[in-house]
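Following: one structure in C-alpha cells, then a few remarks.
Protein chains: 2
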Amino acid sequence: MAGGCRLVVVTALLSIGEFATVTHLSVKTLRHYHDEGLLVPEQVDPHSGYRYYSPDQIPTAQVIRRFRDLDMPVREIARLLGTDVDGRAGMITDHLARLERRLAATTEAVGALRRLLTPDPPRLEVVHRREPARRVVAVSEEVRRADVLRWYSGAMAEIDAVVPRALRTGPPGGQYDNALFTHGAGRATVFVPADRDVAEGRVRSITLPARELALTVHRGPHDDIDVTYGALGAHLAEHALRLDGPVHENYLVGPRDTADSDAWRTEIGWPVFTTTPG
Amino acid sequence: MAGGCRLVVVTALLSIGEFATVTHLSVKTLRHYHDEGLLVPEQVDPHSGYRYYSPDQIPTAQVIRRFRDLDMPVREIARLLGTDVDGRAGMITDHLARLERRLAATTEAVGALRRLLTPDPPRLEVVHRREPARRVVAVSEEVRRADVLRWYSGAMAEIDAVVPRALRTGPPGGQYDNALFTHGAGRATVFVPADRDVAEGRVRSITLPARELALTVHRGPHDDIDVTYGALGAHLAEHALRLDGPVHENYLVGPRDTADSDAWRTEIGWPVFTTTPG
DNA sequence: GCGGGACTCTCCCGTGGCGGGAGGGTGCAG
DNA sequence: CTGCACCCTCCCGCCACGGGAGAGTCCCGC
C-alpha cells in the first residue's frame, strides 16, 4: 500500500497480450471474440489496429470463460451478455439442461456399449405378416434424426390429449422414413390406432395402407434398438428381400406401461416387396 | 419361416443406402468411415465405385456407432478395432476415464460459474515484496495449457519422491511463462524450496533469481483462480505497472494439506519492473 | 429396348472454436 | 537508430460429418 508507483493513470488500458495474461484467454481467442463481437476491446488504434482492453472488461472476460468451459457456443454467450438479467437466467437454465441431457446420453451410451460387448442375446425370430390397412390418429412431420426423440414426446403428448385411452384399438406405433437414417432427415409419423375422425393442431386421422411386413420384436431399452434393426436387416439381406417403404414400429410395452426398461417390447416391421402372389 | 422367398443368396450384399438403413448410420457417415479406413465395404465395384457391404459388417458398424456415441475419435476407433482384445480393454478404460474427467470438469465449471455470479468476494489486498533469490528443487518443461494440471501432478510426485518433507524450507510453488496464457504453450516450473543438490530424472536443483513481486493471496479452489488473477491484473493496470517475466505461485495451503478447498491459500506473485531505486 | 426415377458416385464448401504460421507493421528501451 | 518483442491481417488446418452440384448407374415397368 505504500506508494512508489510512477503515476496513477485512471484509465490504464491493457494490450492484447497483457489482457490475455490476466484473463487466461489466449491472444488468438481474444481476437476471435473480437471478430465475433463477443468481447470488443474498449479501444482500437485506427492506425495500427492494435487492440486495447480496459481493466473493467476483465470480469466480463471471466464470465465468458466460464460459459465456454461449459461449452456454451460463442454466439449464444454474445446473446446472453446482450440480454437483460431476467432473460439470462432462462438461457443459463436452458444450457444447463442441455448439459444434463448430454450427460444422460453419455451414460446411456456407456450402458449400451457394455450390453453390446457382453455375450450375445438369443437370435431373434422373424415372421412375415400381411398388415391390413388401419385407421389411426397420427402426427406426421419432417424431422431430423437428432430431434426424433424429443419430437416423439411432444407429438405423442398431443395425441394423448385428443384421443382417450378407451377409444384406442391397439398399442401406439410409428413409421420412419428410410431417409431419416440414410440422410439424417425425413418424415416421421407417430400414431395410435383409433376409429375416430380428428383434426386438432398437428393431429390428424389417417389411414395406413396395407403392407407386407417382416416383423420381429425388440426386447429391452430403446438404446439398443439398432442391434435388433441390424439383426433384422441381416435376416432380410440373407433372404434376398428388398425393402419397400418406411419402417414400422409398434410399442407393445413401453415406458408408459412400465418403468422396467428390460420389460419393454417394441415390434419392428419392415415392409418388403411382395414376392409371392396373394 | 415358411418359404416364399425368391432365392437364398448366401452372400447377399447391401448397397450403401440399405446398409445405412439397417445400421442407422447415414450414407455420408459411411462414406466418411470408408475414406478413413474405419469401415471398408466388403466390395467396391471397380467400374462404378459403388460400395457393397456384407451383413457380417453390421455388428462392426454397431460397435462403431456406440463408440462414436461416446465421442471417441474415428481414428481411435480404427486403432481400437485393429488391436487385439487385450489392448482394447485398456483403450476403452482410457476413454471412459477421459469422459469422467470431462464430466468432472463440467461439474467444476458449473460450480465456478455459480460462485462467479453470486455476490462479490471482498476486494483483495495487494502487497509488493522483494523476493530474494532462492535455491529450489524443480521440474521445468515446455507444456501446453490444457496439460498443465496433469503435468503438475506428475512433476510434483517426482519431486516428492526425491526430496523428503523434512528438508524443505517452505511451501511448494510454481512459475508459469506468460506465453502459456497468451499462446497456450510455454515453460512451466514447479518446485519445492530446499538446500539440496539433486539431479534425478526430470528433477534438478536450480536457483530462482531475486524478483520484485506484486503479491496477493487467492482463497479457495483453483477453479476460481483466474478471478484473482484478473483482480491482480486490474490492480497492476490501474497502477500503471508493467509485467516482467513469469508469474509465481506459492501453494501455502493446498490439496495436500486439507481436503477443504475453501481453506486453500495460493499466493500469486507477478514480477513487475522495478520502478523505484533500491 | 427405352425411359425415368431412385440411387450412387466424386468433388468442394461450410460448420465451430480456435491453433499454427507467414509476412509485415509498431512501440519502446538502450 | 537499432533491435526486439509485440501486434496486425490473412489463410490454412482440425474433426466429423452435412449440403449440394453435376454426373454416372441400377433396375423396374412398359
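For the protein sequence lines, the chains are A and B, in the order given.
Just so we're aligned: 174 in my numbering is position 174 of the first sequence, and the numbers increase by one with no gaps anywhere.
Just so we're aligned: 180 in my numbering is position 180 of the second sequence, and the numbers increase by one with no gaps anywhere.
Just so you know, even glycine gets a beta-carbon here, dropped at the ideal spot from N, CA and C.
A check of alpha carbon separations from B/L116 across A/M156, A/I64 and A/R242 identifies A/I64 as the nearest. Not a single C-beta of chain B is nearer than 9 Å to the C-beta of A/T189. By the C-beta density criterion, B/G82 is exposed, having fewer than 16 other C-beta atoms within 10 angstroms.
The C-alpha of B/D147 is placed about 11 Å away from the C-alpha of B/G186. At a cut-off of 4 residues, the continuous stretches assigned as alpha helix (DSSP H) that sit fully inside the stretch 46 to 112 of chain A are 57 to 69 and 74 to 81. In chain order, H34, R51, Y52 and Y53 place their CB closer than 7 Å to the CB of B/P41, counting only its own chain and leaving out the 5 sequence neighbours on each side.
Judged by their CB atoms, B/E267 and B/Y176 are not nearer to each other than the 9 Å cut-off.
The Cβ atoms of B/E125 and B/V217 lie closer than 9 Å to each other. A straight line joining the alpha-carbon of B/L14 with that of B/P55 spans about 7 Å. Here B/A199 is exposed, its C-beta having fewer than 16 other C-beta atoms within 10 Å. Secondary structure of A/G230 (DSSP, three-state): helix.
Chain B has no Cβ within less than 9 Å of the Cβ of A/D197. In the DSSP assignment, B/A179 falls within the alpha helix (DSSP H) that extends over N178 to T182. Counting along the chain, no alpha helix (DSSP H) covers B/W270; the unbroken beta strand (DSSP E) around it starts and ends at R265 to P271.
At a Cβ-Cβ threshold of 9 Å, A/Q62 and A/T23 count as neighbours. Under DSSP, B/L243 shares a beta bridge with B/V272. In the DSSP assignment, A/R187 falls within the beta strand (DSSP E) that extends over A185 to P193.
Annotation for B/S153: no residue places its beta carbon closer than 6 Å to its own, counting only its chain and skipping 5 residues before and after.
For B/R101, no Cβ of chain A is located within less than 9 Å of the residue's own Cβ. Ranked by how close their Cα comes to the Cα of B/A89, the residues B/A194, B/A179 and B/F67 have B/F67 in first place.
When CB distances to chain B are screened at a threshold of 7 Å, the residues of the stretch 9 to 32 of chain A falling below it are V9, A12, L14, G17, E18, A20, T21, V22, T23, H24, S26 and V27, in chain order. Partner residues in the beta bridge of B/L215, as assigned by DSSP, are B/V127 and B/G269. When Cβ-Cβ separations below 9 Å define contact, A/P55 makes contact with chain B. Listed along chain A, the residues sitting closer than 7 Å to B/R66 by beta-carbon distance are A109, A112, L113 and L116. Under the Cβ distance rule, A/L80 does not count among the residues neighbouring chain B, no pair being separated by less than 9 Å.
Using beta-carbon distances, B/I77 does not count as an interface residue toward chain A, since no partner is under 9 Å. In terms of CA proximity to A/D223, A/L113 leads the group A/L113, A/V44, A/L25 and A/L99. Residue burial is scored here from C-beta neighbours: A/L167 has fewer than 16 other C-beta atoms within 10 angstroms and is therefore classed as exposed. Taking B/H235 as the centre and dropping the five residues before and after it, the same chain places the C-beta of V126 closer than 6 Å to its C-beta, in chain order. Ranking A/D86, A/I159 and A/R102 by CA distance to the CA of A/V136 puts A/I159 first.
Straight through space, the alpha carbons of A/M72 and A/T258 are spaced by roughly 36 Å.
In chain order, V27, L30 and R51 place their CB closer than 6 Å to the CB of B/I16, counting only its own chain and leaving out the 5 sequence neighbours on each side. By the CB criterion at 9 Å, A/F191 and A/L180 fall outside the cutoff. Nearest to A/T169 by alpha-carbon distance, out of A/A109, A/R196 and A/V74, is A/R196.
For B/A155, the closest of B/R144, B/R145, B/P164 and B/S140 by C-alpha to C-alpha distance is B/S140.
Using a CB distance cut-off of 9 Å, B/E131 does not count as an interface residue toward chain A.
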